Amino acid sequence: KKKKKKKKRDKEQERLERERRASKLTMSKEERMQELLGQLSTQRDSEILKKEEDKRQKEQEARLLEQQQEQAVQLSEESVSAMKSFGSLASDSLEMSSADFEVGGYQARSLREKEKEKAAREMVDAVAVDSVQKQEPYISVIP
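Plus 939 on top of the position in the sequence shown (first one is 1) and you've got the working numbering.
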């Protein structure tokens, strides 16, 4: 039964294909031109859609690049402020070096050194993050 149905379906498809071919042969020049114009218009429409999609993609990439640049500027501002705080810590340690001779001066000095090291590490981290965003290599000098 299935084979009979399949044969019948195949015969019907072959008949439709023959009719389509015959109609193409008997088609007038005007009808052929209309068919070709229809194909051209759909091709043109697809090209227009592709151009619009490319334009949207470029705009999105431009926005993403702009956001990355804003983040880089913000990180560079943060690194400048970290450098300023590191400089102020260094000047504080020069002023307070006389206090090292007093009782407990060693503890105060070690605390200040830890603060300076922490500020230096933060600065190096900020520079590292900045260089990663700019995709530049950097060399760490502070362990």
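Think of the CB as a built atom: it goes at the ideal place given N, C-alpha and C, for glycine as much as any other residue. As the structure is a prediction and not an experimental result, all values here were calculated from the model.
- Remark: C-beta atoms of residue 1059 and residue 1018 do not approach each other more closely than 8 angstroms.
- Linking residue 957 to residue 949 through their CA atoms gives a straight-line distance of about 12 angstroms.
- Counting only residues of its own chain and dropping the five nearest sequence neighbours on each side, residue 1061 has a CB closer than 6 angstroms to the CB of 1021.
- In this structure, residue 997 lies away from residue 1025, with their beta-carbon atoms at least 8 angstroms apart.
- Boundaries of the alpha helix (DSSP H) harbouring residue 950: 941-965, taken from the DSSP string.
- Residue 953 and residue 946 have their C-alpha atoms roughly 10 angstroms apart.
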